[in-house]
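Mind the numbering: the sequence shown is residues -8 to 1141 in my numbering, read in order.
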Amino acid sequence: MSDVVERTLSALPGLLGQHDPGAGPGGAGGPGRVSASSRLGSLIRSITALTSKHEEEKLIQQELTSLKATVSAPTTTLRLMKECMVRLIYCEMLGYESSFGYIHAIKLAQQGNLLEKRVGYLAVSLFLHENHELLLLLVNTVVKDLQSTNLVEVCMALTVVSQIFPREMIPAVLPLIEDKLQHSKEIIRRKAVQALYKFYLIAPNQVQHIHDKFRKALCDRDAGVMAASLHIYLQMIKENSSGYKDLTGSFVTILKQVVGGKLSADFNYHSVPAPWLQIQLLRILGLLGKDDPRTSELMYDVLDESLRRAEINHNITYAILFECVQTIYTIYPKSELLEKAAKCIGKFVLSPKINLKYLGLKALTYVIQQDPNLALQHQMTIIECLDHPDPIIKRETLELLYRITNGQNVIVIVQKMLDYLKESKDEYAIINLVGKIAELAEKYAPNNEWFIQTMNAVFSVGGDVVHSDIPNNFLRLLAEGFDDGEEDLQLRMYAVQSYLALLEEEDKLYPQKFLQVMSWVLGEYFSLVTDVDPEVILTKLHSLLKKTFVTSETKTWIMAAVTKIASHTSCSKTVDELVQELSSSLDTCLRQYAFELKHLCEDKALMKSLLPFDASCTDLVVDASLSFLDGFVAEGLAHGAAPYKPHHQRQEEKLSQEKALNFEPYGLSFASSVSSSGVTGRQSPTGLSFGSDTSGNSAETGHKETNTLKLEGVRKLWGKEGYLPKKETKTGKGKEPQAVPCGSLLAGQVGEPPALQPDPAASLSEEDKEKQQLASTLFVGLGSSAGVSLMGKPDTATQKFKRKSKINETQQLSEEASDLQNSAASDFGPLLDTVPINMEDSEGSMHTRLRKASPCSSDNVEDNLAFETPQSLRKSMLDDRLSANRLSQSSLFADSNIEIFQPSPSAQCESASETPLVPSLPEELEELPHSEVVGLCQSDALALHLCKVWTDDSLLLIVFVSNKTTSALCAVNLVFEETEHFQILESATSQFPVIEAQSVEHCQKGMRMNKVCTQAILSGSVGYQSEMETRLEFSVTLSLMDFIRPMEMTTEDFGKLWLSLSNDVKQNIKMSSCQDSFSAALDTLQQKLKLHRVDIIGNEGILACQLLPSVPCLLHCRTHSGMLALWFRSPCAALPDGLLYQCQRVMEES
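Pasting the structure below:
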């Protein structure tokens, strides 16, 4: 250790004096430099020589006292300040707070020369976190350094931005960092990409308008810039892989060049070309090729090459192989690659090295869902890993067993997990395993007794580190019951009996959560056990209250149970004693429970009505409007009380009326000075003066501070954009997997791997026989003939405990069908699917799939219309598979050719040159703003067209149904599917009894947006009766701008409404050269975004719009130094973000 310290100290002078102007050659600069290294060196030597923690604390406190006096002295030079910062950094790294030096670190970054600024930036990045209030003082320094001509200063500024930078200040530096993407130096471009990656992680909505520049970075001539852009693409593809399918070829080409050693040798690590770059690319390819045959086909060759070249025996090559295996099993499968990946996994699992064995188990755990038989080939090795001395190997083996659990092996696997749980002392491992055991027990329990005993073991062994969801779910399962009422009673009865037996043991210590579970069950279902007197149960609960290890929270659970039991007994001495004891308790909560119990016992009728038996799942009627307080409020207002104002509104009024500190961040610090007329605090836009031009999105804070408590129509789940409806995936019941006799796996029924063929029984040792017996028990049900039940996949085994659904199943099915259609429409673009309904053999038939040209123009982006593709697309093994790429907007209607994928005989006879019937709008709608009439879908007999009409209060969808045949069509039925984003004002169904030959009928549907989104898909279908009943499916893309209308108001009304709104978003947008004036920019926004211009004063303007029917959104904008600063406010948290995105798109296009 002393050698390491000495070498470190000898290197410090060169490190601290690097680039120091005062340093001479060989490190013999001035005396200050020697002082810097010697003082830090002496501090390090002194600390390493100490023998106790107390001595270290004493020495560090003396050092901090000395440093505090030095940095606070007015005579301290920047050179000395730099040396003090290095020592402060060392003290902070040891865990001692040195907050007095934070402000001096910022000053050093602002005022020093290159080396001093470098140390200042380093100290700031180590001392402060992203939300630290002092970071605001660094913003102008970063902006100034980003505009510097010195490359080192620019690099330092980009580095600190990519490490820590306040989210609300991103708009201040974002335009400057965008410009650095075009810098001539590759290091600047690379650091700029890293800074944008940081911005994407903390505020993705603020960089979504520069995705095209990310593509330029991917194609950069410098490999380092390209590698930095992969981090952004990996994150974006994780969120939405379908939007980047067109880049698959680029990623494959890059990986080929990397694997082929085309990059500079500087990227090599132990003779392996750019290993971390390969790992990033493999992860990206895995995401892009998942469930996509055509995209996966582009990757097969390069994945094969990566497997072949990664054969050097080094840890980094093992990491590449592991990623290759994961990618091969993630994308659309190819048999040759799967065989090679399986061999690679086998080498890892059978390796004597612990790290490689762990890697093999990890890979096996991942691929077991795609290939369950792979576990059978290594079953004996997995059995040996259960007894491995390394706990990590044991834990990963249990994770593997968890993935292959089914109804036949659940007892053995859960027992193995419980055995490990009893031995483990690792809290993380206990929490993780307890959750898995509880899940398996609920899913595959063979009987009630085993389930209750297993959960008792979970609560006993897991202790109080068990996650609260586990006991809550267990109690809810008992309360809600199952599909079988008799099964409910048996399970509850056995639970009560088991808990009474456990309480018989006087000296047994149980975890608090387990005692809470016992108390609740005994209080709810004590009457199910008829052979036990309730007085006995009360006595046991009373004795628990006297235990010293029982916490106050658990005692409240026990008191609740006692109260429930007492409500169904005539009189009880135990209850009287308990009330007398607790009436004088020092615990206020227990004393309150005692008084409540005493008064309830005096009125048994009231007590029974308040505490009915087994009423835990009874729905309660809640007065969400708090109407019982109306009289109180009215009385207060009548006596002169002031109406309630939300906190944020009171703050706004206070800032606008009083002189107070302005906590708004400053605007951009550009070379040209900003007008000084705007720094007056956060005032009403009626004064058209704001103290901040740029700020972050405060929607999260504002959403919590709404004007009134509104609970009408609230859904049951909270998501990123508000309360969302719960989408439960319904898993169909399957048959129980067939049991495989013990030893059948060893008899060659499952593949018979050569390495696992047993010798005659006489030659096997007793230990080997036990392992083989365990293997036959653990891996039962994994044969190809048996039903496989894997975690994370639909289970074929019937779930033991299936809770009753309290939601209308019909509504659930319709929601799931709508979601399925929406996803299919967005993934496969405009495909026509003609499906005969009365087809006898739908499995063997080939459906018609056509892509036709639309009569609308190709530049009409808003009228992008797509058709859905059925799920049977993957089942039909087409030679020419459809691409899963999302079709670009321009390509939807530009191609006039018809691509036919396995057409039916009737479709082959269709004439491509046939002229369709082109409908037109009715006269009363012609004068309203409307889109072009575009084609939705068509078949031999019928064609659908659509036109959007924008009225003042809704969006009208005019659907035209054209009969192309020479005979009438009967029973034409048009249906729009319900979706969470849109509301259909009228009925979703339109019926046409008869459509005459060569004629056109139309219907109209009024639409409004329920949930704010940039764009979403509305799906539907049309069915008609011709020779046979036929149905066509279609979908329509609707955007946010379809539902935005101007909102007329005065400047005074704008100011009042502005103060009442809490959700705001701010962003700076660079104005294009063609927008030479502020008025031109406002004209562009007003026309393209349907905004109402309220007022313009100088270089500031206010505009207003509304989301139909009446959700306002206000916009304040101003110009400075070629930038347009936008500030949106709305009562809806998601609306400002959506309109900001539209503004960015409009300004870039113009």
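Where is the CB? At the ideal position from N, CA and C, for every residue including glycine.
### Task
Return the bridge partner residues of Tyr260 from the DSSP annotation.
Taking the first residue of the sequence shown as 1, we reach residue 260 at position 269. Tyr260 is bridged to Val263.
### Message
One question on the structure: do Val1013 and Leu965 come within less than 8 Å of each other, judged by their Cβ atoms?
### Response
Residue numbering aside, residue 1013 sits at position 1022 when the sequence shown is read from its first letter. Residue numbering aside, residue 965 sits at position 974 when the sequence shown is read from its first letter. Yes, they are a contact pair.
### Task
Counting only the same chain and skipping the five closest in sequence on each side, list residues whose C-beta sits under 6 Å from that of Ile461.
One-based indexing of the sequence shown puts residue 461 at position 470. Once the five neighbours on either side are set aside, the close Cβ partners of Ile461 are Ala429.
### Message
Between which two residues does the alpha helix (DSSP H) holding Pro195 run?
### Response
Within the sequence shown, the letter at position 204 stands for residue 195. Counting along the chain, Pro195 falls outside any alpha helix (DSSP H), and DSSP gives it neither H nor E.
### Message
Assess contact between the stretch 178 to 189 and the stretch 204 to 224, defined as three or more Cβ pairs (one per stretch) separated by less than 8 Å. Is contact present?
### Response
Yes, they touch.
### Query
Taking one C-beta from the stretch 1085 to 1100 and one from the stretch 184 to 200 each time, how about it: are there three or more such pairs within less than 8 Å?
With the cut-off at 8 Å, the stretch 1085 to 1100 and the stretch 184 to 200 do not touch.
### Task
Select from Leu278, Cys75, Arg1109 and Val1027 the residue whose C-alpha is nearest the C-alpha of Pro1062.
Here residue 1062 refers to the residue found at position 1071 of the sequence shown. According to the sequence shown, residue 1062 is Met rather than Pro. Looking from the CA of Met1062, the closest CA among Leu278, Cys75, Arg1109 and Val1027 belongs to Arg1109.
### Query
Would you say Ser1121 and Leu1052 are within 8 Å of each other, going by their C-beta atoms?
To locate residue 1121, count along the sequence shown from 1; it is residue 1130. To locate residue 1052, count along the sequence shown from 1; it is residue 1061. In contact: Ser1121 and Leu1052 (Cβ atoms closer than 8 Å).
### Task
Go ahead and label Arg36 buried or exposed: buried means 16 or more other beta carbons lie within 10 angstroms of its beta carbon, across all protein chains shown.
Counting from one through the sequence shown, the residue named residue 36 turns up at place 45. Arg36 is exposed by the Cβ-count criterion.
### Task
Label Met1019 either buried or exposed according to how many other C-beta atoms from any shown protein chain fall within 10 Å of its C-beta, with 16 as the threshold for buried.
For the purposes of this step, residue 1019 is taken as the residue at position 1028 of the sequence shown. With fewer than 16 neighbouring CB atoms inside 10 Å of its own CB, Met1019 falls in the exposed class.
### Query
When DSSP labels each residue in this structure, what does Ala332 get in the three-state scheme?
Start at 1 with the first residue of the sequence shown, and residue 332 comes out as number 341. Helix at Ala332.
### Message
To the nearest angstrom, how far is the alpha carbon of Asp282 from that of Tyr235?
### Response
Along the sequence shown, read from residue 1 onward, the residue named residue 282 stands at position 291. Along the sequence shown, read from residue 1 onward, the residue named residue 235 stands at position 244. Roughly 15 Å between the two C-alpha positions.
### Exposed unless 16 or more other CB atoms sit within 10 angstroms - verdict on Gln79
By 1-based counting over the sequence shown, the position of residue 79 is 88. One detail in the question is off: residue 79 reads as Leu in this sequence, not Gln. Buried, by the Cβ-count rule.
### Query
Taking all protein chains shown into account, do 16 or more other C-beta atoms lie within 10 angstroms of the C-beta of Val985, making it buried, or fewer, making it exposed?
Taking the first residue of the sequence shown as 1, we reach residue 985 at position 994. By the neighbour-count rule (16 or more Cβ atoms within 10 Å), Val985 is not buried but exposed.
### Message
For the stretch 62 to 81 against the stretch 105 to 122, do three or more pairs of beta-carbon atoms, one drawn from each stretch, fall closer than 8 Å, so that the two count as touching?
### Response
Remark: three or more beta-carbon pairs, one from each stretch, lie closer than 8 Å, so the stretch 62 to 81 and the stretch 105 to 122 are flagged as touching.
### Message
According to DSSP, is Thr970 part of a helix, a strand, or is it coil?
### Response
Taking the sequence shown and counting its residues from 1, one reaches residue 970 at position 979. Coil, per DSSP.
### Unbroken beta strand (DSSP E) run spanning Ile1060, endpoints
Indexing the sequence shown from 1 puts residue 1060 at position 1069. For Ile1060, the uninterrupted beta strand (DSSP E) run begins and ends at Asn1054 to Lys1061, by DSSP.
### Query
At which residue ranges does the stretch 169 to 219 contain complete alpha helix (DSSP H) runs of 4 or more residues, listed in the order of the chain?
177 to 193 and 202 to 209, all fully within the stretch 169 to 219.
### Message
Just to confirm the assignment: which complete alpha helix (DSSP H) runs, minimum length 4, are found wholly within the stretch 357 to 401?
### Response
List check, alpha helix (DSSP H) in window: 364 to 368, 370 to 377 and 382 to 394.
#### Entry: Whole-number beta carbon distance between Val940 and Phe983, since they are thought to touch under 8 Å
Stepping through the sequence shown from its first residue, residue 983 is reached at position 992. Stepping through the sequence shown from its first residue, residue 940 is reached at position 949. At roughly 20 Å, the Cβ-Cβ gap does not stay under 8 Å, so Phe983 and Val940 are not in contact.
### Query
Grouping DSSP H, G and I as helix and E and B as strand, with all else coil, what is Asn964?
Stepping through the sequence shown from its first residue, residue 964 is reached at position 973. If DSSP states are grouped into helix, strand and coil, Asn964 belongs with the strands.
### Message
Can you list, in chain order, the residues of its chain with a C-beta nearer than 8 Å to that of Tyr81? Leave out the 5 residues immediately preceding and following it.
### Response
Mapped onto the sequence shown, residue 81 falls at position 90. Counting only residues of its own chain and dropping the five nearest sequence neighbours on each side, Tyr81 has a CB closer than 8 Å to the CB of Leu31, Leu34 and Ile35.
### Query
Straight-line CA distance for Glu433 to Tyr419?
Residue 433 sits at position 442 when you count from the first residue of the sequence shown. Residue 419 sits at position 428 when you count from the first residue of the sequence shown. Each residue's alpha carbon lies about 22 Å from the other.
### Task
Evaluate contact between the stretch 497 to 507 and the stretch 529 to 546, counting only Cβ atoms and requiring at least three cross-stretch pairs below 8 Å.
Verdict: yes, contact present.
### Query
With DSSP run on the structure shown, which of helix, strand or coil describes Glu923?
For the purposes of this step, residue 923 is identified with residue 932 of the sequence shown, where counting begins at 1. Here Glu923 carries a coil assignment [DSSP, helix/strand/coil].
### Task
Provide the residue span of the beta strand (DSSP E) that contains Glu1091, from first to last.
Residue 1091 sits at position 1100 when you count from the first residue of the sequence shown. Counting along the chain, the beta strand (DSSP E) containing Glu1091 begins and ends at Glu1091 to Leu1098.
### Task
Using three-state DSSP, classify His1107 as helix, strand or coil.
Numbered from its first residue, the sequence shown carries residue 1107 at position 1116. Strand, per DSSP.
### Query
In terms of DSSP beta bridges, what is Cys928 paired with?
Residue numbering aside, residue 928 sits at position 937 when the sequence shown is read from its first letter. DSSP lists Leu935 as the beta-bridge partner residues of Cys928.
#### Entry: Beta-carbon spacing of Pro437, Ile395 below 8 Å
The residue you call residue 437 lines up with position 446 of the sequence shown. The residue you call residue 395 lines up with position 404 of the sequence shown. Contact annotation: Pro437 and Ile395 have beta-carbon atoms that are not nearer than 8 Å.
### Message
If the criterion is Cβ atoms closer than 8 Å, does the pair Gly215 and Glu169 meet it?
### Response
For the purposes of this step, residue 215 is taken as residue 224 along the sequence shown, with counting starting at 1. For the purposes of this step, residue 169 is taken as residue 178 along the sequence shown, with counting starting at 1. Contact annotation: Gly215 and Glu169 have beta-carbon atoms that are not nearer than 8 Å.
### Message
Using only the alpha-carbon positions, how far apart do Asn1149 and Ala163 sit?
### Response
An answer regarding residue 1149 cannot be provided, because it is not within the stretch -8 to 1141 covered by the chain.
### Task
Taking Glu314 as part of the alpha helix (DSSP H), name the residues at either end of that continuous run.
As a position in the sequence shown, residue 314 is number 323, starting the count at 1. Run containing Glu314: Asn306 to Thr321, per the alpha helix (DSSP H) assignment.
### Message
On the CB-based measure, 16 or more other CB atoms within 10 Å of its CB, does Gln1097 come out buried or exposed?
### Response
If you number the sequence shown from 1, residue 1097 lands on position 1106. Gln1097 should be labelled buried.
### Same chain, Cβ closer than 7 Å to Val405, neighbours up to 5 away in sequence not counted
Your numbering for residue 405 matches position 414 in the sequence shown. Here the set comprises Ile428, Leu431, Ala432 and Thr445.
### Query
For Cys1004, which of helix, strand or coil comes out of DSSP?
Mapped onto the sequence shown, residue 1004 falls at position 1013. The answer is coil: DSSP assigns Cys1004 none of H, G, I, E or B.
### Message
On the criterion of 16 or more Cβ atoms from any shown chain inside 10 Å, does Phe242 qualify as buried, or is it exposed?
### Response
Against the sequence shown, residue 242 aligns to sequence position 251. Phe242 is classed as buried because its beta carbon has at least 16 other beta carbons within 10 Å across all chains shown.
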